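Going line by line, the protein sequences match chains A and B. All residue numbers for the first sequence refer to this note's numbering, where the first residue is 29 and numbers rise by one. All residue numbers for the second sequence refer to this note's numbering, where the first residue is 339 and numbers rise by one. By construction, the Cβ of each residue, glycine as well, lies at the ideal position given by its N, Cα and C atoms. Here the structure is a predicted model, which is why all the values come from computation and not from measurement.
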Amino acid sequence: MDKPSPNPLRTPPWADRLLGWLTPAELLEELQGDLQEQFAQRLDQVGLRRARWWYGLEALKVIRPYYLRRRLARLTHWPRDFFLKRHATPHSFFTPEHPSPPLINPDMIRNYLKIAWRNLIRHKSFSAINILGLVLGIASSLLILLWVQDERTIDHFHANGSHLYQLYENQQTTGNDLNTTPTTPHLLAPALVAELPEVERSVHMTPGTMLLLAVGTNSYRQRGCYASPDLFRIFSFPMVQGNPQTALVGPSSLVISEAVARKLFGRTDVVGRSVRVGNQDDRQVTGVFQDIPANSSLKFDFVLPSEPYIKQKSGTPRWSMNGWRTFALLRPNTDVAALNVKMLDFIHRHDADLTKVTTVMFRFEDTYLHSKFTNGQPDGGRIEYVRLFTIVAVFLLLIACINFMNLATARSAKRAKEVGIRKVIGAERTYLIGQFTGEAVLLTFLSSLIALTLVQCLIPLFNQLTEKQMAIPYANPFFWAGLLGLALITGLLAGIYPAFFLSSLQPVKVLKANSSTALLRFKTGAVLLRQGLVVFQFTLSLLLIIGTLVISRQMHFIRTKNLGIDRGNVIYMRVDGELTKHFEPFRQALLQASGIQSVSSAAEDPLYTGNSTTGVSWRTKLQTDNTLFFVLPVSYDFVKTMNIRLLAGREFSKAFPADSTNYIINEEAARRMGIKHPIGQEFSLEDVHGTIVGVVKNFHLNSVRVAIEPLVMPLATTNTMLIMRTQAGQTERALASLEQLTKQFNPAYPFTYTFADESFERLYKSETLVGKLTRYFALIAIVIACLGLFGLAMFMAEQRTKEIGVRKVMGASIGSIVALLSGDFMKLVGVAIVLASPLAWWAMHTWLQTFAYHVELAWWMFALAGGLVVGIALLTVSFQSIKAALVNPVKSLRSE
Amino acid sequence: MSRTYLGEFEELVLLAVALLEQQSTGAYGVSIADELKQRTQRTTSVTGVHVVLYRLEEKGLVGSALGGATLARGGRRKRLFTLTATGQQVLREMRQLRMGFWEALPTPFFA
Numbered sequence: 029m030d031k032p033s034p035n036p037l038r039t040p041p042w043a044d045r046l047l048g049w050l051t052p053a054e055l056l057e058e059l060q061g062d063l064q065e066q067f068a069q070r071l072d073q074v075g076l077r078r079a080r081w082w083y084g085l086e087a088l089k090v091i092r093p094y095y096l097r098r099r100l101a102r103l104t105h106w107p108r109d110f111f112l113k114r115h116a117t118p119h120s121f122f123t124p125e126h127p128s129p130p131l132i133n134p135d136m137i138r139n140y141l142k143i144a145w146r147n148l149i150r151h152k153s154f155s156a157i158n159i160l161g162l163v164l165g166i167a168s169s170l171l172i173l174l175w176v177q178d179e180r181t182i183d184h185f186h187a188n189g190s191h192l193y194q195l196y197e198n199q200q201t202t203g204n205d206l207n208t209t210p211t212t213p214h215l216l217a218p219a220l221v222a223e224l225p226e227v228e229r230s231v232h233m234t235p236g237t238m239l240l241l242a243v244g245t246n247s248y249r250q251r252g253c254y255a256s257p258d259l260f261r262i263f264s265f266p267m268v269q270g271n272p273q274t275a276l277v278g279p280s281s282l283v284i285s286e287a288v289a290r291k292l293f294g295r296t297d298v299v300g301r302s303v304r305v306g307n308q309d310d311r312q313v314t315g316v317f318q319d320i321p322a323n324s325s326l327k328f329d330f331v332l333p334s335e336p337y338i339k340q341k342s343g344t345p346r347w348s349m350n351g352w353r354t355f356a357l358l359r360p361n362t363d364v365a366a367l368n369v370k371m372l373d374f375i376h377r378h379d380a381d382l383t384k385v386t387t388v389m390f391r392f393e394d395t396y397l398h399s400k401f402t403n404g405q406p407d408g409g410r411i412e413y414v415r416l417f418t419i420v421a422v423f424l425l426l427i428a429c430i431n432f433m434n435l436a437t438a439r440s441a442k443r444a445k446e447v448g449i450r451k452v453i454g455a456e457r458t459y460l461i462g463q464f465t466g467e468a469v470l471l472t473f474l475s476s477l478i479a480l481t482l483v484q485c486l487i488p489l490f491n492q493l494t495e496k497q498m499a500i501p502y503a504n505p506f507f508w509a510g511l512l513g514l515a516l517i518t519g520l521l522a523g524i525y526p527a528f529f530l531s532s533l534q535p536v537k538v539l540k541a542n543s544s545t546a547l548l549r550f551k552t553g554a555v556l557l558r559q560g561l562v563v564f565q566f567t568l569s570l571l572l573i574i575g576t577l578v579i580s581r582q583m584h585f586i587r588t589k590n591l592g593i594d595r596g597n598v599i600y601m602r603v604d605g606e607l608t609k610h611f612e613p614f615r616q617a618l619l620q621a622s623g624i625q626s627v628s629s630a631a632e633d634p635l636y637t638g639n640s641t642t643g644v645s646w647r648t649k650l651q652t653d654n655t656l657f658f659v660l661p662v663s664y665d666f667v668k669t670m671n672i673r674l675l676a677g678r679e680f681s682k683a684f685p686a687d688s689t690n691y692i693i694n695e696e697a698a699r700r701m702g703i704k705h706p707i708g709q710e711f712s713l714e715d716v717h718g719t720i721v722g723v724v725k726n727f728h729l730n731s732v733r734v735a736i737e738p739l740v741m742p743l744a745t746t747n748t749m750l751i752m753r754t755q756a757g758q759t760e761r762a763l764a765s766l767e768q769l770t771k772q773f774n775p776a777y778p779f780t781y782t783f784a785d786e787s788f789e790r791l792y793k794s795e796t797l798v799g800k801l802t803r804y805f806a807l808i809a810i811v812i813a814c815l816g817l818f819g820l821a822m823f824m825a826e827q828r829t830k831e832i833g834v835r836k837v838m839g840a841s842i843g844s845i846v847a848l849l850s851g852d853f854m855k856l857v858g859v860a861i862v863l864a865s866p867l868a869w870w871a872m873h874t875w876l877q878t879f880a881y882h883v884e885l886a887w888w889m890f891a892l893a894g895g896l897v898v899g900i901a902l903l904t905v906s907f908q909s910i911k912a913a914l915v916n917p918v919k920s921l922r923s924e
Numbered sequence: 339m340s341r342t343y344l345g346e347f348e349e350l351v352l353l354a355v356a357l358l359e360q361q362s363t364g365a366y367g368v369s370i371a372d373e374l375k376q377r378t379q380r381t382t383s384v385t386g387v388h389v390v391l392y393r394l395e396e397k398g399l400v401g402s403a404l405g406g407a408t409l410a411r412g413g414r415r416k417r418l419f420t421l422t423a424t425g426q427q428v429l430r431e432m433r434q435l436r437m438g439f440w441e442a443l444p445t446p447f448f449a
């Protein structure tokens, strides 16, 4: 023998570990002993290396079904004598040494499911109510979660996503308020790369512009943008034709999407072909990129190089001229916080006048969901809706789960006997828990399958509603894992209370003959819980209903609010092509046509004014005043066409040639400037000096979320958007005239127009969507809750059949019986109303604060919601109550 | 008559137990494996032999008791197997069965 060592036999330790792990405990000693004896023999015969090799090989052979099965049986505490008679203990099956089979083992699970299935079939109405509720709950939360998932992945497909940043400007307005905008000067992007080593690349681009793309007579208006050359190197918009590095370099280049290529040429290999842009210059296609995916917040169909555009458009480039989006690709491992500090005075360094403008970068991936800023810090945005709907999804599932719990506990009295008998026979508590949870899980799995089918059917509709292109990600294993997890969690959640409650029943009490008194005793706890759950359910439903009410009131308020602009009967049309040159004759011709009241033009949609500047001055302006003015260039007759009230002065007029440098301002501007009589006062915008000739009443420049800001309206030099007011009821005729004249003046362009109303609706797209969605989901919530109530009422009525019979015999009226049965539930709904109202008030108050102009919460909203719920609940319950009350007592009392 | 069926390897192991329990080493994993290797010229793994022994024990053909420990075994006891009456009976039947076949052969092709 070798000298003593920790392992005197020097067998491979890994093999010993394997043996210890795989060999059944009762066999380990003899087997390992034999192997070591053999090892000792071989050590003498063939040497250490080969002996060890043999030993390892033998140890590996323990991986054979015989040992593994036994080992598994040990792990799951199966009685050993199930396999090995040597250790059989004849007297008792389960002893401390041989514990009972555990909760989770294949045979028991099979048994749970079998019994669950039988119960499901036997109580068809209860099962139907349960399944219907769960299906609705799961399907709607699945839809919501699909939407949430889609929202969360928007802009997340860029390969550089983790160090792709968007630049924002913080403009200090009055006081210390910061106004955060994504509009930046075009000078910023090249300066970033030149001066900051942390910035690898940077790109600027304009927000979308519509331009006519034409090949021969084949012409389409498309949404595109001007961008600097690195666009396709920063973002992952793969090019299928052309070189992404150089495609945007040449002054006459044009990059188009595959869809546009197909539209114009019928194919996509079109590099080098010529396209007429904006009906004036011919451009060579230098690249074709894959169509922008639906989950991108940047959307364009073509891109033009920005450099020639900048040269053509403006004289000296200035740092105060905003209007471009700037993106930066940072080098990996850049400390963004430190960089942001460094960036604070970036603009100020370039233009000493811009003392109150700072620049800050936010990760581009986050800007879609977090696009609202308060004092320069991201403060919500779409993420609020994403969170809201995640909560709604959880609510819906919870309500459905509660139904299940309620019905299961309600029926517990019926199943109490079953539990008693099982326990007497020898079932342990764990078995019973397993069985009841098994039932719940089976039910949720069934429901999930049905829900999945339902979602598959509903998803086209849902896509239409949300304007997305979502699909059930069947190929994604995470989706299946998620769905499975959802079903399992729902099942456990729904089944856990009945499981623990029912399994706790004591067989002696339950099985005692005529056990109703015993049952009553244990029932009080269950009843209390059940009532609590019903209250909880209806509280959630009420929250959703009140939410829906308030949101739709607010939407109605926005739609009908007097915006200071009369957008009814107003039609917008893009001015492009020949119309730009011959606008005045075109306008005159329109005014002659029938059905048209007034025609004007503006630089953009007056209900969505985006341009702002601090580059304004007036005589009494203080050095420290940095008021931000919105700028909306308009042409003659604008005030008249939009029906804006003129408070003082006059509109621009051809009679005054000096108007080209004159200004009209709004009330708010006058107030901020602190001038009582602004007419005739000097005013300059971007160093263009003139006088104020008119003051208009405030009108909304933007979403009603934000307060009305100062506005200055210069006379437009070019006409970008035609604004036309039709005579009331003459819209058809006016449109016909407009089309005919457009064709005549501008034959190369297709005729398109929008109603100011539609354009306005688009401003509140997300609010409208949220309004619609909450309406649907509130409806579903109340349906699910009522399903549960219906089931409970059904059960109660059934249970109290005898009582009702006796009451009737004693002379109770049908009405009093219905009142008796409904009363209990109404009390619960009443409690729910009391609980939900303050909660809902708080939630909706918070939401409404996000609007600068909003409706006030009124008591009637809560009363209406409460009344609605009481009404629906009453309807649900009384159906059962009346049914029970109408039964002939002879029938109900005869049984037994 | 219901017969206990044995596989070929099981039969060999059973025979080895019958042989070795008479000897001083006794019938246990290693001795059986050695005996089999010596007689059949094929590699037999102790692990495999053990499985067969347990199976025979479950069938009631062998009995077992724990024996002494040696240092070579790392201080572990060995399980010594003995033939049970049923085991003897089964072996006897096996032999008779085979003998019956041999006797039925009209011309044995080797003598």
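CB-CB under 6 Å to residue i, same chain, minus the five flanking residues each way: which ones, in chain order?
i	result
A527 (chain A)	I461, F464 and T465
L148 (chain A)	S155
S334 (chain A)	Y254, A255 and S256
T420 (chain B)	E359 and G401
R410 (chain A)	L397
P661 (chain A)	A631, P742 and A744
Residues in the same chain with beta-carbon distance under 8 Å from residue i, minus the five sequence neighbours each way, listed in chain order, please.
i	result
L47 (chain A)	L56, L59, Q60, L63, A87 and V90
Does residue i come out as helix, strand or coil in the three-state DSSP assignment?
i	result
P738 (chain A)	coil
S348 (chain A)	coil
G816 (chain A)	helix
E826 (chain A)	helix
H115 (chain A)	In this predicted model, H115 (chain A) has a pLDDT of only 43, less than 50, meaning its place in the structure is not dependable enough to derive any value.
V298 (chain A)	coil
R237 (chain A)	Note on residue identity: the sequence assigns Thr, not Arg, to residue 237 (chain A). T237 (chain A) falls in the strand class under three-state DSSP.
Quick one: measure Cβ to Cβ for residue i and residue j, integer angstroms, because I've assumed they're closer than 8 Å.
i	j	result
I672 (chain A)	F890 (chain A)	That pair is no contact at about 38 Å.
I427 (chain A)	V163 (chain A)	Not confirmed; about 13 Å, so no contact.
L635 (chain A)	F879 (chain A)	At roughly 16 Å, the Cβ-Cβ gap does not stay under 8 Å, so L635 (chain A) and F879 (chain A) are not in contact.
A450 (chain B)	R414 (chain B)	Given a span of 339 to 449 for chain B in the structure shown, any question on residue 450 (chain B) remains unanswerable.
L195 (chain A)	T208 (chain A)	About 11 Å separates the two Cβ atoms, so there is no contact after all.
Going by DSSP, what residue range makes up the alpha helix (DSSP H) through residue i?
i	result
R457 (chain A)	R457 to T494
I370 (chain B)	G367 to T378
D62 (chain A)	A53 to V74
T48 (chain A)	Going by the sequence as given, residue 48 (chain A) is Gly instead of Thr. G48 (chain A) -> alpha helix (DSSP H) spans P41 to L50.
I517 (chain A)	P505 to S531
L675 (chain A)	Counting along the chain, L675 (chain A) falls outside any alpha helix (DSSP H), though it belongs to the beta strand (DSSP E) covering L674 to G677.
N158 (chain A)	K152 to R180
T208 (chain A)	Premise fails: T208 (chain A) lies in the beta strand (DSSP E), L206 to T209, not in any alpha helix (DSSP H).
T420 (chain B)	Element bounds for T420 (chain B): not the alpha helix (DSSP H) but the beta strand (DSSP E), R415 to L421.
Leaving out five residues before and five after residue i in sequence, what residues of the same chain have Cβ atoms less than 7 Å from its Cβ?
i	result
L482 (chain A)	V163 and A167
I900 (chain A)	I810 and C814
N158 (chain A)	N431, F432, L435 and L471
Tell me which residue opens and which closes the beta strand (DSSP E) that residue i is part of.
i	result
H232 (chain A)	V227 to M233
H717 (chain A)	V716 to V724
If we count Cβ pairs, one from each stretch, closer than 8 Å, do we get three or more for the stretch 168-179 of chain A versus the stretch 350-360 of chain A?
-> Judged by Cβ distances under 8 Å, the stretch 168-179 of chain A makes no contact with the stretch 350-360 of chain A, as fewer than three pairs qualify.
Counting Cβ pairs closer than 8 Å, one from the stretch 754-769 of chain A and one from the stretch 614-627 of chain A, do we hit at least three?
-> yes
Inspect the CB distances between the stretch 410-424 of chain A and the stretch 498-514 of chain A and report whether three or more fall short of 8 Å.
-> Under the 8 Å Cβ criterion, the stretch 410-424 of chain A does not count as touching the stretch 498-514 of chain A, having fewer than three qualifying pairs.
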